[in-house]
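*Asks:* Protein chains in written order, with my numbering: chain G, 14 to 208; chain W, 4 to 818. Dropping a structure here in structure tokens format, bear with me for questions.
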């Protein structure tokens, strides 16, 4: 029977009485000797890598919830992955604070819009955001796309909208970003490797 | 990195210069500690500041900011003058023996071919002398005065220890001591690794600084060997990946490049990139460019890319000039850019001269932010008092802010600086309505595509024909995308005919529809597709290689070939054929790596050479160059010279460049691009007498961790560091408020008075350095602070346009 100290005392005061403990089917000595349950023992472990510098340290994220459909996972602890050949379980002062990046009060939660000249954000829907951004981009591309240069050579470039891509995003995000952006003919396009 | 983190343990000497691994890459730095403890390695640190890396060093030498080429040029001179080079390696594996055109010259700090009006070079005179077959001429005795070895010897003879002392401020005995440590690795059985980071890249001559380091490593015979190499520690977790995938204004995936408008016909485009060997029997691997390129075009445009339309060559935009970030913000400040998207990027903090960046953003019609966090850039229009003193009513930019997931909430791979692609798994749901980046990008793109399909518009073809085979079109999965960049067979891929057995029917290497095993299976006839050739092998028919987790190290050299997957071809050390001598034997009998066994190459790694190339065939190790050898002298490819030459930073505390004192044109990098108005924004030492540099602290990562409470608690407040003698001169007490000014702006903060920064004597000029950590801003949970780029100059490296954040000038006063 797995029972921690608090549950033990609860059991004791639940009208059964201290002398009846044997009726519960276990010896009180064994229960008293048990320390507080190790919290991480009941968590789900997920392997990941630190998103900060490019050492690429392995980490283990411990989350509450067993990934069942009705259980919302929440990461409660992160530590270095002892199996990882580079960091061998360690994390630096940056990585040791990762849990607070995930739970930062400054995480964005909803699409927002700031109108020209306004001094505040307004919450909008994803559909609205996508529709409006797509329209702005198409209008700018159609107005400014350069099909041929002054010498009459086909150049098919779009210079009046640009993008900075995220070098902390995954290869898969980077790949689909590049594929779509370049298909529109965009040249003003970089990532943090430039700085 | 040519090598990787764990491999540092194999080094005999570690040189950390232009980086501070102990604080910026602490868990990687442990392999330096390992090398010291178990390989008796010596750690040498050269840095303007006595960093925590320096605190662990066997020897530390100070240097003035921005003078690394003078220092390293001095080391080259020391090695050549004292006969401390690995001669067999230099003769066989570098272009030391190659003869250079008689027209090449370097005088008064300028190379031949300079055009002062355009500030650029015509590099025709830097080429090799060629024989009648078009091969480069060589002189194996290295005695011909036009051979690279002799040219280098002459070029660096000017970089004497006395000159190094005058330019860098490094005491002469300290400089010589560093040379002695480095020179111990010129013997075949000792190896040095060089670890560098943004301390070398963020200069107007950054590319050439790194080149000087690479030249050292080649002269010492340290490239391609375990414990050696040129190791860029790199910044963000996937900065290597996004570079590999070509997310830069001039690139395509796998270091292929976009065409320029002058090479707008397909044949010219391919010819300029599929380089023919410059010496007999060399692999010149870029000859395979058409295979990589055609497979790439098939991955993106499928059936719309045909032989008849040159594989949709017109779908690629053609460059008229570079559109790097400095150019982008220059155009934006001129009102020539209407829309801008920032995905996980905070340019208001990351690019130089905050005033110019903020002003440029305010000229946009629309700005789209995709980020997990509320960045400064997303609120560039909002007033934050002294930290961002703007009037929202005057800013007419529409801003969209879209919440994205963070690492913990998604599956996918990141490529670390050792070129390992490591898969990671989702552990939790994102907050609120946040979505993954592929879903956000697809949400925008599929709408644009639908409008082009329905309403038409300018050149809709590449948009409507872009392959989009994803099962959920509005949300491509990481697995689908990884399989796409790995590549697959579109028709059966068969083995080439066997010359010994021509009647034998060809073997099917990959059946139609199957994932490819690697880039060797790519074809240029449209029968294969591959989104990024160097990533081919990451997700094969055997599944996701990036998710492998076997950390065994059977050779004991730290290679763990079954942990994750490294590009190219799971190779852990690049150019590893050079770990063996020309006959195929290990340079160091104690540490065998890749050797020739009489029939094939093999050892602890995937050989970086054709596996059956017998040593007597003379196939040299640097298979990516047309020469087959590494280039000490670079005839083409760099805009600012074939050899590194010392130039001052654009803002320098000293009056003259002592290498070319009578030529003001060669004071700072003569081929660096400077925009109109920015030259005027450079300060002068009479107003701004102190050298300044920016850097990171170990508790923080850029402008990101100030949003994380634990990090904000450990380093809550902005500060600058100054040395004790400058503090005494200016009457600044430790912990008191100071104002730091450059010609672009000023910040008020707290002074930390330290022994870590000392004044240097540079030819009679006493140079103090002000150290500026970068991590604060007006958003986050740490105390508010000034963005450090309020101070920095708007100029970049001549080749890459990486901004000069590491060397500029300021003044400092009590506040």
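Note that the Cβ used here is the ideal one computed from N, Cα and C, for glycine as well.
Within this structure, are the beta carbons of residue 567 of chain W and residue 521 of chain W separated by less than 8 Å?
*Replies:* No, Cβ-Cβ distance for residue 567 of chain W and residue 521 of chain W is not below 8 Å.
*Asks:* Does any CB atom of chain W fall closer than 8 Å to the CB of residue 120 of chain G?
*Replies:* Closer than 8 Å to some Cβ of chain W, the Cβ of residue 120 of chain G qualifies, so yes.
*Asks:* Skipping 5 residues on each side, what residues in its chain have a beta carbon closer than 7 Å to that of residue 169 of chain W?
*Replies:* Result list for residue 169 of chain W: 661, 765 and 766, in chain order.
*Asks:* Could you name the residues that DSSP lists as bridge partners for residue 124 of chain W?
*Replies:* Paired residue(s): W/117.
*Asks:* With contact counted as at least three CB pairs below 8 Å, one residue from each stretch, are the segment 395 to 413 of chain W and the segment 364 to 373 of chain W in contact?
*Replies:* With the cut-off at 8 Å, the segment 395 to 413 of chain W and the segment 364 to 373 of chain W touch.
*Asks:* Find the residues of chain G that neighbour residue 422 of chain W, judging by a C-beta separation of less than 8 Å, and give them in chain order.
*Replies:* Under the 8 Å cutoff, chain G gives no residues; its nearest Cβ is about 10 Å from residue 422 of chain W.
*Asks:* Please compile the residues from chain W whose C-beta is within a distance smaller than 9 Å of the C-beta of residue 83 of chain G.
*Replies:* Those within 9 Å of residue 83 of chain G in chain W number zero; the least Cβ separation is about 12 Å.
*Asks:* Please classify residue 190 of chain G: does DSSP put it in a helix, a strand, or coil?
*Replies:* If DSSP states are grouped into helix, strand and coil, residue 190 of chain G belongs with the helices.
*Asks:* Would you check if there are 3 or more beta carbon pairs closer than 8 Å linking the segment 487 to 502 of chain W to the segment 521 to 536 of chain W?
*Replies:* Taking 8 Å as the limit for Cβ pairs, the verdict is that the segment 521 to 536 of chain W does touch the segment 487 to 502 of chain W.
*Asks:* Do you know how far the Cα of residue 624 of chain W is from the Cα of residue 602 of chain W?
*Replies:* Distance between the alpha carbons of residue 602 of chain W and residue 624 of chain W: 17 Å.
*Asks:* According to the neighbour-count rule (16 or more other Cβ atoms, all chains shown, within 10 Å of its Cβ), is residue 486 of chain W buried or exposed?
*Replies:* Result: buried.
*Asks:* Closer than 8 Å is the cut-off here; do at least three beta carbon pairs connect the segment 436 to 453 of chain W with the segment 473 to 485 of chain W?
*Replies:* Touching, yes, given that three or more Cβ pairs across the two stretches are closer than 8 Å.
*Asks:* Enumerated in chain order, which unbroken segments of the alpha helix (DSSP H) with a length of 4 residues or greater are wholly contained in the segment 494 to 554 of chain W?
*Replies:* Fully enclosed alpha helix (DSSP H) runs of 4 or longer: not present.
*Asks:* Looking at chain W, is there any beta carbon in it that lies within less than 8 Å of the beta carbon of residue 53 of chain G?
*Replies:* For residue 53 of chain G, the answer is no, since every Cβ of chain W falls outside 8 Å of its Cβ.
*Asks:* What ranges does the alpha helix (DSSP H) occupy inside the segment 48 to 120 of chain W, keeping only unbroken runs of at least 4 residues that lie completely in it?
*Replies:* Counting whole runs of 4 or more residues, the segment 48 to 120 of chain W contains the alpha helix (DSSP H) stretches 55 to 58, 71 to 84 and 90 to 96.
*Asks:* I want to verify the contact list: residues of chain G whose CB lies under 7 Å from the CB of residue 345 of chain W, in sequence order.
*Replies:* Residues of chain G passing the Cβ test: 177.
*Asks:* Can you list the residues of chain W that residue 87 of chain G reaches, using a CB-CB cut of under 8 Å?
*Replies:* Going along chain W in sequence order, the residues near residue 87 of chain G (Cβ under 8 Å) are 431.
*Asks:* Give me the chain W residues within the contact set of residue 192 of chain G, using Cβ-Cβ distance strictly less than 8 Å, ordered along the chain.
*Replies:* Going along chain W in sequence order, the residues near residue 192 of chain G (Cβ under 8 Å) are 303, 469 and 534.
*Asks:* Does the beta carbon of residue 416 of chain W come closer than 8 Å to any beta carbon on chain G?
*Replies:* Residue 416 of chain W counts as touching chain G.
*Asks:* Within this structure, are the beta carbons of residue 666 of chain W and residue 18 of chain W separated by less than 8 Å?
*Replies:* Going by C-beta atoms, residue 666 of chain W is not nearer than 8 Å to residue 18 of chain W.
*Asks:* For residue 121 of chain W, is the classification buried or exposed, using 16 other Cβ atoms within 10 angstroms of its Cβ as the cut-off for buried?
*Replies:* It is exposed - the Cβ of residue 121 of chain W has fewer than 16 other Cβ atoms within 10 Å.
*Asks:* If you draw a straight line from the C-alpha of residue 65 of chain W to the C-alpha of residue 758 of chain W, how long is it?
*Replies:* Answer to the nearest angstrom: the Cα atoms are 12 Å apart.
*Asks:* Counting only beta-carbon separations shorter than 8 Å, does residue 96 of chain G have a partner in chain W?
*Replies:* Cβ-Cβ to chain W under 8 Å: yes for residue 96 of chain G.
*Asks:* Runs of 3 residues minimum, wholly inside the segment 566 to 640 of chain W: which ones carry the beta strand (DSSP E) assignment?
*Replies:* Counting whole runs of 3 or more residues, the segment 566 to 640 of chain W contains the beta strand (DSSP E) stretches 597 to 599 and 604 to 606.
*Asks:* Cβ of residue 214 of chain W less than 8 Å from any chain G Cβ?
*Replies:* So no, residue 214 of chain W is outside the interface.
*Asks:* Under 8 Å Cβ-Cβ, which residues of chain W neighbour residue 151 of chain G?
*Replies:* 451, 454, 455 and 460, listed in chain order.
*Asks:* For residue 546 of chain W, does the count of other Cβ atoms within 10 angstroms reach 16, so buried, or fall short, so exposed?
*Replies:* Looking at its Cβ environment, which holds fewer than 16 other Cβ atoms inside 10 Å, residue 546 of chain W is exposed.
*Asks:* Please confirm whether residue 135 of chain G has its beta-carbon closer than 8 Å to some beta-carbon of chain W.
*Replies:* It does not: the Cβ of residue 135 of chain G has no partner Cβ on chain W nearer than 8 Å.
*Asks:* Counting contacts by CB-CB distance shorter than 8 Å, is residue 79 of chain G in contact with chain W?
*Replies:* With 8 Å as the cut-off, residue 79 of chain G does not count as an interface residue toward chain W.
*Asks:* How big is the Cα-Cα spacing for residue 35 of chain G and residue 52 of chain G?
*Replies:* With a pLDDT of only 49 at residue 35 of chain G, under 50, the local geometry of the prediction cannot be trusted, and the value read off the model is given with reservation. Taking the straight line joining both Cα atoms gives about 28 Å.
*Asks:* Say whether chain W places a C-beta atom closer than 8 Å to the C-beta of residue 160 of chain G.
*Replies:* Closer than 8 Å: yes.
*Asks:* Let me confirm a value: residue 9 of chain W is counted as buried when at least 16 other C-beta atoms fall within 10 Å, else exposed. Which label applies?
*Replies:* Residue 9 of chain W comes out buried.
*Asks:* Per the DSSP calculation, residue 345 of chain W is bridged to which residue(s)?
*Replies:* Paired residue(s): G/177 and W/372.
*Asks:* Could you work out which residue in W/556, W/355 and W/456 is closest to residue 332 of chain W when comparing CA atoms only?
*Replies:* Answer by Cα proximity: W/355.
*Asks:* Nearest chain W C-beta to residue 92 of chain G closer than 8 Å, yes or no?
*Replies:* Chain W contact via Cβ: absent.
*Asks:* Under three-state DSSP, which class holds residue 475 of chain W?
*Replies:* Residue state, collapsed to three classes: coil.
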